[in-house]
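For reference, the structure is listed below as structure tokens.
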């Protein structure tokens with residue numbers, strides 16, 4: 001293979017010389033250097049089993065089975081714990097190769113550090129500029145710029161280039177055993193904001209963090225140093241991202257078991273502060289929602305058994321106690337203003353809406369004539385009222401609208417869920433629960449206007465929500481008008497999924513020439529997925 005590539009390089013350089021272009025650098029000049037300058041040693045170590053997962057310094061007979069395997073298969077030097085390092089530095093990186101200019105990278109870094117990082121709990125405030133980040137972790141610098149470009153109204157072209165580069169770099173690191181602590185931070189950051197990559201990145205960062213013992217650093221609080229506390233903090237953020245994604249996708253938990261989350265010990269650390277209160281307030285709520293998911297499962301086609309309705313009410317009571325414990329507890333932030341306390345209110349409403357929406361499970365077109373169980377009618381009405389309150393808070397709060405471009409995609413998706421829920425109820429579930437149709441359309445129009453005027457790149461989720469929501473509103477208004485005129489309604493699908501937290505992904509097609517009529521058939525209330533926002537003609541690659 002080396003001879004083959006050598007011949008290819010020679011031929012390419014001869015062709016470039018004929019065009020008066022400089023030769024291509026030799027393959028061995030394009031490498032990856034790490035902070036300790038021992039690249040070859042670490043890459044050789046990467047071919048061995050992960051020593052961090054089964055460190056030999058605490059050997060007991062009750063150890064994990066893999067420890068015994070490593071004992072009989074590894075050489076003696078592999079028993080030593082691998083030295084931690086900040087991050088992997090690739091040369092040349094995305095700036096050196098001209099993906100974006102150094103000036104552009106500098107401006108994007110300034111945007112991120114001054115505006116966006118505060119939503120990520122100030123994890124990058126130790127950096128002054130892009131040069132410091134590039135010297136520490138290429139992945140972190142690239143992720144930072146990608147996130148910043150997504151939130152820049154002039155960042156559309158830059159985001160396209162940076163997003164492709166980020167996918168490439170992340171793929172190259174997929175099978176590396178050892179990553180730096182800043183690389184872990186970068187993966188978590190991507191899962192926090194980059195909606196079309198969150199599913200992959202959240203799973204990847206979880207496995208890498210376990211390999212680097214982040215979970216044990218968390219469970220050992222508060223008896224660790226500042227470095228251990230930082231790992232504990234990042235472990236909680238990784239848990240948060242995974243739980244949010246599971247809720248948004250209506251999927252089984254694919255993150256951390258609740259037994260590995262001990263936020264009270266984390267708060268007991270002398271290093272904890274305001275940031276940790278903000279983070280843990282949401283963690284405490286996600287642990288409750290995890291219990292809801294475990295009790296009722298993720299199959300939205302199955303109605304809630306009558307025997308489990310009292311448990312649903314108990315979860316709502318627990319949610320009220322959570323609200324009492326955290327409302328007013330978070331102080332005003334000097335960068336985010338009252339957003340931390342506003343976020344507590346929003347998370348409470350999101351959670352209440354999510355729990356109450358379970359009342360509509362099993363109600364599809366085929367079961368439209370089936371009445372709602374009397375025991376669920378007040379819960380269904382509460383779901384409608386809470387969804388309305390969520391959208392009204394977005395419309396009425398100047399501060400919340402100002403932060404709409406900056407907050408993670410979880411917020412945007414829950415706003416979209418509330419809007420779609422109300423439109424579905426107003427058009428097909430009026431026999432199950434009372435709803436003011438005119439109010440729903442009026443609020444939906446206001447929300448549409450809010451999302452349409454957000455200053456960010458066109459690939460940002462808010463713009464794609466606005467595009468989809470406008471189509472949905474027009475379709476629903478047309479359906480109501482048709483029903484009032486006495487003409488039958490022509491439904492696109494014979495079977496509609498029930499209203500619940502589960503939003504199925506859109507169908508895929510390999511035909512890029514799909515017609516406008518087929519697009520409208522695909523684009524309907526029942527199968528539109530706000531999280532991916534990927535119609536078949538966009539040919540989204542993952």
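Residue numbers (the numbering used here): 1 to 542.
The beta-carbon is built from N, C-alpha and C at its ideal position, and this holds for glycine as well.
Terminal residues of the alpha helix (DSSP H) in which residue 102 lies: 102 to 111
Give me whichever residues DSSP pairs with residue 337 in a beta bridge. 333
Pairwise C-alpha distance: residue 194 and residue 306: 39 Å
Should residue 7 be labelled buried (16 or more other beta-carbon atoms within 10 Å of its own) or exposed? exposed
Could you check whether residue 236 and residue 186 sit closer than 7 Å to each other, using their CB atoms as the reference points? no
With the cut-off set at 7 Å, would you say residue 180 and residue 131 are in Cβ contact? no
Assuming the contact rule is C-beta atoms closer than 8 Å, residue 134 and residue 141 should be a hit. Round their C-beta distance to whole Å, please. 5 Å
Roughly how far, in whole angstroms, is the beta-carbon of residue 381 from the beta-carbon of residue 433, given that I think they are within contact range, below 8 Å? 6 Å
Are the beta-carbon atoms of residue 183 and residue 255 separated by less than 7 Å? no
To the nearest angstrom, how far is the alpha carbon of residue 415 from that of residue 375? 27 Å
Is it the case that the Cβ atoms of residue 563 and residue 188 are separated by a distance below 7 Å? The chain is shown from 1 up to 542; residue 563 falls before or after that span and cannot be answered.
For residue 440, does the count of other Cβ atoms within 10 angstroms reach 16, so buried, or fall short, so exposed? buried
Are the beta-carbon atoms of residue 379 and residue 359 separated by less than 7 Å? yes
Quick one: what's got a C-beta closer than 8 Å to residue 263's C-beta in the same chain, skipping five residues either side? 236, 280, 283, 284
What's the C-alpha gap between residue 417 and residue 231? 33 Å
Could you check the C-alpha separation between residue 452 and residue 408 for me, to the nearest Å? 18 Å
Go ahead and pull the three-state DSSP assignment for residue 442. helix
State yes or no: is the C-beta of residue 311 within less than 7 Å of the C-beta of residue 295? yes
Would you report the Cα separation of residue 178 and residue 172, rounded to the nearest angstrom? 13 Å
Using only alpha-carbon positions, find the residue among 154, 475, 107, 150 that is nearest to residue 164. 150
Backbone secondary structure at residue 432 - three-state DSSP: coil
Please report the distance separating the alpha-carbon of residue 191 from that of residue 198. 4 Å
Which residue comes first and which comes last in the alpha helix (DSSP H) that contains residue 374? 374 to 396
Cβ neighbours of residue 303 in the same chain (closer than 7 Å, five flanking residues each side left out): 361, 362
Could you compute how far the alpha carbon of residue 287 sits from the alpha carbon of residue 144? 29 Å
In this structure, how does DSSP classify residue 115 when only helix, strand and coil are distinguished? helix
Buried or exposed, going by whether 16 or more other CB atoms sit within 10 Å of the CB of residue 234? buried
Between which two residues does the alpha helix (DSSP H) harbouring residue 7 extend? 2 to 18
Cutoff 6 Å; reference residue 159; Cβ partners in own chain excluding five residues on either side: 149, 150, 457, 459
Separation of residue 347 from residue 356, as counted between CA atoms: 14 Å
Would the beta-carbon of residue 252 fall within 7 Å of that of residue 298? yes
Locate the alpha helix (DSSP H) running through residue 126, then write down its first and last residues. No alpha helix (DSSP H) holds residue 126; DSSP gives it neither H nor E.
Return yes when the Cβ of residue 330 is within less than 7 Å of the Cβ of residue 341, no when it is not. yes
Would you identify the three-state DSSP class for residue 464, choosing helix, strand or coil? helix
What residue does the alpha helix (DSSP H) around residue 228 start on, and which one ends it? 226 to 249
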